[in-house]
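Residue numbers (the UniProt record's numbering): 1 to 145. All C-beta atoms in this analysis are idealised placements derived from N, C-alpha and C, irrespective of residue type, glycine included. A quick write-up on the structure given underneath.
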């Protein structure tokens, strides 16, 4: 056997061995070049990742603030609506006895007396005006007496 034949693995020709070694060298070279990455590129990639994370946090914060402002606006509108409702309710509760008194005055008035007819007409007009006003605010007469 010659020295070439002794060094080659069984069944492989010398050209195949050279090709295999060349492929191994090429496979190692990209790894070596990957290790030689410029530190500035790594820093740029790191900074870009930090920037993306910061932008995400900012967008999230902005969305939260917008949602909080919308909730605050809705709560404020509800509070104002409730305040108006309760103010109107309190006013109407104070006004109802006056309307009842005018109604009772009409019941006991002597409508047959000509001297009282002007006063009765004034009470009727006043009662009608008051009932029209409270109807504008959604208050209706439940039962006429």
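message = Please report the distance separating the alpha-carbon of residue 106 from that of residue 89.
response = Within the chain shown, residue 106 is the residue found at index 106, counting from 1. Within the chain shown, residue 89 is the residue found at index 89, counting from 1. Cα-Cα distance, rounded: 26 angstroms.
message = Please tell me whether residue 96 and residue 123 are closer than 9 angstroms, where the distance is taken between their beta carbons.
response = Sequence index remark: in the chain shown, residue 96 carries index 96 (1-based). Sequence index remark: in the chain shown, residue 123 carries index 123 (1-based). Not closer than 9 angstroms, so no.
message = Mapping the DSSP letters down to three states, classify residue 122 as helix, strand or coil.
response = Taking the chain shown and counting its residues from 1, the one referred to as residue 122 is at position 122. The three-state secondary structure of residue 122, taken from DSSP, is helix.
message = Restricting to Cα atoms, I'd like to know which of 132, 45 and 39 is closest to residue 92.
response = Indexing the chain shown from 1 puts residue 92 at position 92. The shortest C-alpha separation from residue 92 is found at 132.
query = What do you reckon, are the CB atoms on residue 120 and residue 109 nearer than 9 angstroms?
reply = The residue you call residue 120 lines up with position 120 of the chain shown. The residue you call residue 109 lines up with position 109 of the chain shown. Yes, these two residues count as a Cβ contact at 9 angstroms.
ask   = So what does DSSP say about residue 137, is it helix, strand or coil?
value = If you number the chain shown from 1, residue 137 lands on position 137. Residue state, collapsed to three classes: coil.
Contact set for residue 127: own chain, Cβ-Cβ below 6 angstroms, skip 5 residues either direction = Residue 127 sits at position 127 when you count from the first residue of the chain shown. The residues 102, in chain order, have a CB closer than 6 angstroms to that of residue 127 in the same chain once the five nearest residues on each side in sequence are set aside.
request  = Give the range of the alpha helix (DSSP H) segment to which residue 69 is assigned.
outcome  = As a working mapping, residue 69 is identified with position 69 in the chain shown. For residue 69, the enclosing alpha helix (DSSP H) begins and ends at 39–108.
Same chain, Cβ closer than 6 angstroms to residue 72, neighbours up to 5 away in sequence not counted = Taking the chain shown and counting its residues from 1, one reaches residue 72 at position 72. Within the same chain, residue 72 has no close Cβ partners at all.
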